[in-house]
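*Asks:* Take this structure, written in structure tokens, and hold onto it; I'll ask about it next.
Residue numbers (our numbering): 2 to 85.
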């Protein structure tokens, strides 16, 4: 399906919404050949540095992860490890 106008886009979406047997997701990329996988696996050797990338993320956004670390400290089940 090719969409050339905003109106045709809306009309196509409305047609899709009528079918209640399916759940639709937005792919987020126009190239069909684009790999559907996290960029950490697509970009060279980033996966080998995942721990460093995660630590940088937490250090730049500590409030976003505060509750996760508290839960870990209280021995609640969590996928996060506490480090100091």
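Where is the CB? At the ideal position from N, CA and C, for every residue including glycine.
Give the C-beta separation of residue 43 and residue 36 to the nearest angstrom, bearing in mind that I take them to be a contact with Cβ-Cβ under 8 Å.
*Replies:* That pair is a contact at about 6 Å.
*Asks:* Look at the alpha carbon of residue 64 and the alpha carbon of residue 56, and state the distance between them as a whole number of angstroms.
*Replies:* Distance between the alpha carbons of residue 64 and residue 56 is about 13 Å.
*Asks:* Residue 38 to residue 48, Cα distance in whole Å?
*Replies:* Those two C-alpha atoms are separated by around 12 Å.
*Asks:* Residues in the same chain with beta-carbon distance under 6 Å from residue 10, minus the five sequence neighbours each way, listed in chain order, please.
*Replies:* 4.
*Asks:* Can you tell me the Cα-Cα spacing of residue 23 and residue 13, whole angstroms?
*Replies:* Distance between the alpha carbons of residue 23 and residue 13 is about 15 Å.
*Asks:* For residue 62 and residue 29, what's the separation of their Cα atoms in angstroms?
*Replies:* Computed Cα separation, rounded: 26 Å.
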